[in-house]
Amino acid sequence: MSLEGYSSQARDAFYACVEREAKKKPTEIASVGLLFPAECKMCREEYVNSCRPTWVKHFDREYCGKKRCRRLLDDNETRRGRLTLPQSIKPRSSCSSELS
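Using the numbering used here, you'd call the opening residue of the sequence shown number 22 and step up by one each time.
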């Protein structure tokens with residue numbers, strides 16, 4: 022089997038483990054902020070050892086982006102629409118009215 026085939030199998034096995042163990046608390050940190058459960062640590066090591074570091078980073082970033090998009094689309098309208106920010110500081114009146 023070619024190196025590319027082996028690395029893609031390791032990648033697919035890791036992300037399948039992450040999806041399978043999604044209900045468990047992620048305790049391990051990968052590149053680009055990807056969090057995964059400890060049960061997938063062996064799959065991650067195999068994946069990192071069989072692929073180029075740039076590919077690992079690329080696929081981690083791609084996975085995080087897809088997951089973020091899926092979360093936003095599946096969020097039942099709670100995060101869609103206009104963004105509202107907390108108003109902790111009230112705007113001051115204009116300077117010209119204060120000088121009068």
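Backbone N, C-alpha and C define an ideal beta-carbon position, used for all residues, glycine too.
Report all residues from its chain with a CB closer than 8 Å to the CB of residue i; omit the five preceding and five following residues, and keep chain order.
{"i": "LYS78", "result": "SER52, VAL53"}
{"i": "VAL69", "result": "VAL77"}
For residue i, collect the residues of the same chain with a Cβ closer than 6 Å to its Cβ; drop the 5 residues on either side in sequence, then sort them by chain order.
{"i": "TYR27", "result": "SER71"}
{"i": "MET63", "result": "none"}
{"i": "CYS38", "result": "CYS61, CYS64"}
Taking the alpha carbon of residue i as the reference point, which residue from the options has its own alpha carbon closest?
{"i": "ALA34", "options": "ARG65, ARG73, ASP95", "result": "ARG65"}
{"i": "TYR84", "options": "GLN30, TYR36, ALA31", "result": "TYR36"}
{"i": "ILE50", "options": "ASP81, LEU94, CYS90, GLY86", "result": "ASP81"}
{"i": "SER29", "options": "GLY86, LYS87, ARG89, GLU67", "result": "GLU67"}
Within the same chain, show all residues whose beta-carbon is closer than 7 Å to that of residue i, passing over the 5 residues directly before and after it, in chain order.
{"i": "PRO47", "result": "LEU56, PHE57, PRO58"}
{"i": "LYS45", "result": "PRO58, GLU60"}
Can you tell me where the alpha helix (DSSP H) with residue i in it begins and where it stops?
{"i": "LYS46", "result": "From DSSP, LYS46 is part of no alpha helix (DSSP H); its letter is neither H nor E."}
{"i": "ARG89", "result": "74 to 94"}
Are there 16 or more other CB atoms within 10 angstroms of the CB of residue i, so buried, or fewer, so exposed?
{"i": "ALA43", "result": "exposed"}
{"i": "ARG91", "result": "exposed"}
{"i": "ARG32", "result": "buried"}
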